[in-house]
Amino acid sequence: MPDTIGRNQVALDHLGSIDDAGVEFVIHTGDLVAEPSEWAYRAYDSVVSRLDVPIYCAPGNHDVFNTAIDDAEAPWWAQLTIDSSRIADFGRWVGPNWYSFSRKGTLFLGLNSQLINSGLPEEPEQWAWLEHTLQAEGSSATNVVLFMHKPLFVGHPEESLDASDFAQRYCIIMPPGRDRLLDLIRKHGVNAVLTGHLHTPLDISHSWPEGSVTRFITTGTSGSASPMAIDTFGLAGTPVGGVGYHLVHLDEYGLTAEYQRHQAEVIRGDWELADCAVSRLSIDSSPERQG
């Protein structure tokens with residue numbers, strides 16, 4: 001489930017559909033709120049707490065802001081920059097910025113993609129944790145799945161990116177962090193990488209020379225439609241087609257994923273905003289569902 005900013009009724013429709021589908025848990029790939037604040041996370045919690053299954057979140061750029069863009073021409077919202085206080089706030093209000101959990105032999109690793117290339121002191125801590133966890137636990141897992149907010153590419157892992165292009169830098173994790181993470185994914189045979197951010201769905205299977213295959217799935221949005229990634233990279237599809245989420249099934253035989261498009265943006269009305277009162281979310285501890 002991705003990007004629940006902008007249009008709460010769409011997010012509620014998606015949550016209602018997810019509830020009906022009987023899933024075991026939900027992975028939220030970031031942008032829980034429009035701007036990070038105690039009140040915003042209380043509002044978010046009041047909506048998602050109606051689900052009876054765990055929700056595992058990765059921070060997005062609206063949650064902890066962006067890796068520094070350093071471009072005077074960039075919009076103001078892109079120049080909001082991640083710092084240690086934002087990282088700490090997310091940890092206090094939501095849960096860990098990076099962490100792992102296991103389900104039925106599958107190792108899941110959540111990352112803060114906004115930290116990559118940030119130069120903050122927390123960045124090497126996240127890299128060290130990821131490398132250790134993949135080495136220590138990845139080889140014994142039936143599957144390894146990584147999830148985070150920003151994708152690593154839109155076409156293939158070796159695609160070139162223009163570092164001077166604001167939109168590309170905003171949409172995709174840039175080198176050198178991108179290449180370092182792809183090397184780890186390849187080395188440890190990560191089975192799937194789940195991301196959001198683009199507000200448009202992508203599903204790419206990449207075969208590595210060593211024989212392993214990684215599925216790179218970028219899901220849609222539970223918020224507002226956006227043409228940015230479609231226009232920047234010349235992707236197929238329309239902004240309205242990006243309103244949706246993926247249902248994923250993973251077992252010893254592999255991964256299947258089905259994109260659930262919000263039907264013509266018609267409000268289903270399964271759940272209503274009036275049903276969601278803002279809760280008294282304690283900011284001194286993480287919600288239990290964070291795992």
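Each residue of the sequence shown is one higher than the one before, counting from 1 in our numbering. Ideal Cβ positions, reconstructed from N, Cα and C, are used throughout, including at glycine. Only a predicted model underlies this, so the values are computations on that prediction, with no experimental measurement involved.
Going by DSSP, what residue range makes up the beta strand (DSSP E) through residue i?
i, result
"V144", "N143 to F147"
"V26", "V26 to H28"
"I55", "I55 to C57"
Could you tell me which residues DSSP puts in a beta bridge with residue i?
i, result
"G110", "Y99 and F147"
"L235", "In DSSP, L235 forms no bridge with anything."
"H246", "Y259"
"L194", "F147 and I217"
"H206", "T214"
"T200", "According to DSSP, T200 bridges with nothing at all."
"D251", "G254"
Assuming residue i contacts residue j under a Cβ cut-off of 8 angstroms, what Cβ separation, rounded to an integer in Å, is found between them?
i, j, result
"H199", "P59", "Wrong, their Cβ atoms sit about 17 angstroms apart, outside the cutoff."
"I116", "T67", "7 angstroms"
"V154", "L184", "That pair is no contact at about 20 angstroms."
In the DSSP assignment, find the unbroken alpha helix (DSSP H) run with residue i in it and report its ends.
i, result
"I87", "S84 to W93"
"T133", "E122 to T133"
"F153", "From DSSP, F153 is part of no alpha helix (DSSP H); its letter is neither H nor E."
"Y298", "Because the chain spans 1 through 291 in this model, residue 298 falls outside it and cannot be assessed."
"I185", "G177 to K187"
Near residue i, what residues of its chain come up, given a Cβ to Cβ distance below 8 angstroms and the 5 sequence neighbours on each side ignored?
i, result
"P121", "S84"
"S100", "L107, F108, L109, G110, T133 and E137"
"F25", "V53, P54, I55, Y56 and R103"
"S118", "T67, A68 and I82"
If you run the structure through DSSP and keep just helix, strand and coil, what is residue i?
i, result
"L12", "helix"
"S49", "coil"
"E258", "strand"
"S17", "helix"
"N117", "coil"
"D63", "helix"
Can you list, in chain order, the residues of its chain whose CB lies under 6 angstroms from that of residue i, leaving out five sequence neighbours each side?
i, result
"D20", "none"
"L255", "A192 and R215"
"H14", "S222 and Y245"
"L181", "none"
"R186", "W208"
Give every residue of the same chain whose Cβ lies closer than 7 angstroms to the Cβ of residue i, excluding the five residues on either side of it in the sequence, and list them in chain order.
i, result
"S160", "none"
"S212", "G189"
State yes or no: is the beta carbon of residue i nearer than 8 angstroms to at least one beta carbon in chain C?
i, result
"H206", "This model lacks chain C altogether, as it is built from one protein chain only."
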